[in-house]
Amino acid sequence: MTLLPFCEWLAATKWSIALHESFYMYPLIESTHVVALFLFAGTIVMVDLRLLGLAFREVAVSEINARILPWTIVGAVVMILTGVLLFYAIPVRSYQSLWFRFKVVFLLVAAINVWMFHRRVAKNREVWDADERPPRAARASAVVSLSMWAGVIVFGRMIAYNWFDCDRPQSEFVYWLSGCIVELADA
Amino acid sequence: MSWLDVFESLEQSGIGLVIRESLWLFPAFEAVHLLGLSVLGGSLLMVDLRLLGVGIRSRTPAQLVRTVRPWLVGSLLILIGTGVPLFLSEAVKCYYSFSFWVKMSALGIGLLYTFLIKHPVIRRGTGSGVQALIGMLSLAVWLTVAGAGRWIGFS
């Protein structure tokens, strides 16, 4: 199964072309995407530092969750809205971007980690809520979170570089990973 | 000697040259710059949200300033440590970029504001009205730094 036909259809829509060719709109959306790191990644880092026992040790984990995670969600909404628009502006190249694919994989692992934390790890939170150094499972969650989100940010930045683009000579392995169409690769 | 001359000789410096000649050094510094930006954002927000009355409530702003200080200073060092080489590799482009000058002015104001006004005012303690004001000013100036910084890439 490939989503390429869908991406090609998206790329041909009026609004996608308009966004792609816009002089201010695209940069404005991308800048918003980057500046939202302040809110989204910034609050995630602070919550994870608390879970690792490296900062805010005197603040209960439940308070950090209740007061800071809503801001993370606001940041996530901004990230998703701007991110979807950025993809919509350049669907085919993004879909066939190695970096974009890495980013999506890391994003999925990060999301599963969030779900696992709230579903499993935080289940007995009352027991360690005030602990300066939360139990190993919570600290592991924080390490996975920090490394996955760091990967998402780094790969996201790399999408802008065309080293592994399908229209450049690549190894068979990269063609396969990026889902390049052979005809395009030969061109 | 004009500013442009200075920027031109900076661009010819060893570090600038090494980065320009490498395929991946510039992107690598950019990526670490963004990671630093995330930590900076968190360190600022934990205090600013508290000042605006929508953050951690069980600690005073002064206590939060003390808690975030190593992360604030550490992230600033990472941002400067990666930002300076990025600048050196394309100093002349920066000279002609309006965004670059906006960013650097905002950065200067942001640093002076944070360490000479915001933190001393917080340490002394003020009413909630003033607190909200200094929190808002902090967010405004640092968001300008980040936004104008990204815009350098579009010029």
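Protein chains in written order, with my numbering: chain Y, -12 to 174; chain S, 269 to 423.
Glycine included, every Cβ here is placed at the ideal spot set by N, Cα and C.
In this text, all values refer to a predicted model and were calculated from it rather than measured experimentally.
Test item: CB-CB of Phe25/Y and Leu313/S under 8 Å: Locating residue 25/Y in the first sequence gives position 38, where the first residue counts as 1. Locating residue 313/S in the second sequence gives position 45, where the first residue counts as 1. The criterion of a C-beta distance shorter than 8 Å is satisfied by Phe25/Y and Leu313/S.
When Gln331/S, Leu303/S, Ile390/S are compared against Ile31/Y, the one with the closest alpha-carbon: Locating residue 31/Y in the first sequence gives position 44, counting from the first residue. Per the Cα distances, Leu303/S.
Exposure label - Gly284/S; buried when at least 16 CB within 10 Å: As a position in the second sequence, residue 284/S is number 16, starting the count at 1. Buried, since its Cβ has 16 or more Cβ neighbours within 10 Å.
Environment of Tyr11/Y [buried if 16+ CB atoms lie within 10 Å]: For the purposes of this step, residue 11/Y is taken as residue 24 along the first sequence, with counting starting at 1. The residue in question, Tyr11/Y, is exposed, as its Cβ has fewer than 16 Cβ neighbours within 10 Å.
With 16 other Cβ atoms within 10 Å as the buried cut-off, status of Arg54/Y: The residue given as residue 54/Y occupies position 67 in the first sequence. Residue environment for Arg54/Y: buried (at least 16 other C-beta atoms within 10 angstroms of its C-beta).
Range of the contiguous alpha helix (DSSP H) that encloses Ser199/Y: Examination of residue 199/Y is not possible in this model, given that chain Y is present from -12 through 174 alone.
Contacts of Thr335/S in chain Y (Cβ-Cβ under 9 Å): One-based indexing of the second sequence puts residue 335/S at position 67. Those are Ala42, Phe43, Arg44, Glu45, Val46, listed as they occur along chain Y.
Under 8 Å by beta carbon: chain Y residues contacting Ala408/S: As a position in the second sequence, residue 408/S is number 140, starting the count at 1. The premise fails here: Ala408/S is roughly 12 Å from chain Y at the closest Cβ pair, so nothing lies under 8 Å.
Chain Y contact for Arg418/S (CB, 8 Å cutoff): Against the second sequence, residue 418/S aligns to sequence position 150. Yes - at least one Cβ of chain Y is within 8 Å of the one on Arg418/S.
Val180/Y, buried or exposed, once every other Cβ within 10 Å from all chains shown has been counted against 16: For residue 180/Y there is no data in the structure shown, the boundaries of chain Y being -12 and 174.
Chain Y contacts from the segment 287 to 316 of chain S (Cβ-Cβ distance under 7 Å): Those residues of the segment 287 to 316 of chain S that come within reach of chain Y (Cβ to Cβ, closer than 7 Å) are Pro295, Glu298, Ala299, Leu302, Leu303, Leu305, Ser306, Val307, Gly309, Gly310, Leu313, Met314.
Ala359/S, DSSP secondary structure in three states: Translated into positions along the second sequence, residue 359/S becomes position 91. In the structure shown, Ala359/S sits in a helix (DSSP, three-state: H, G or I).
Local conformation of Lys320/S per DSSP, three classes: As a first step, residue 320/S must be located in the second sequence, where it is residue number 52. The residue asked about is misnamed: residue 320/S is Leu in this sequence, not Lys. Three-state DSSP puts Leu320/S in coil, outside helix and strand.
is_contact[Ser18/Y, chain S] using C-beta, thresh 8 Å: Taking the first sequence and counting its residues from 1, the one referred to as residue 18/Y is at position 31. Contact of Ser18/Y with chain S is assigned, a C-beta pair being separated by under 8 Å.
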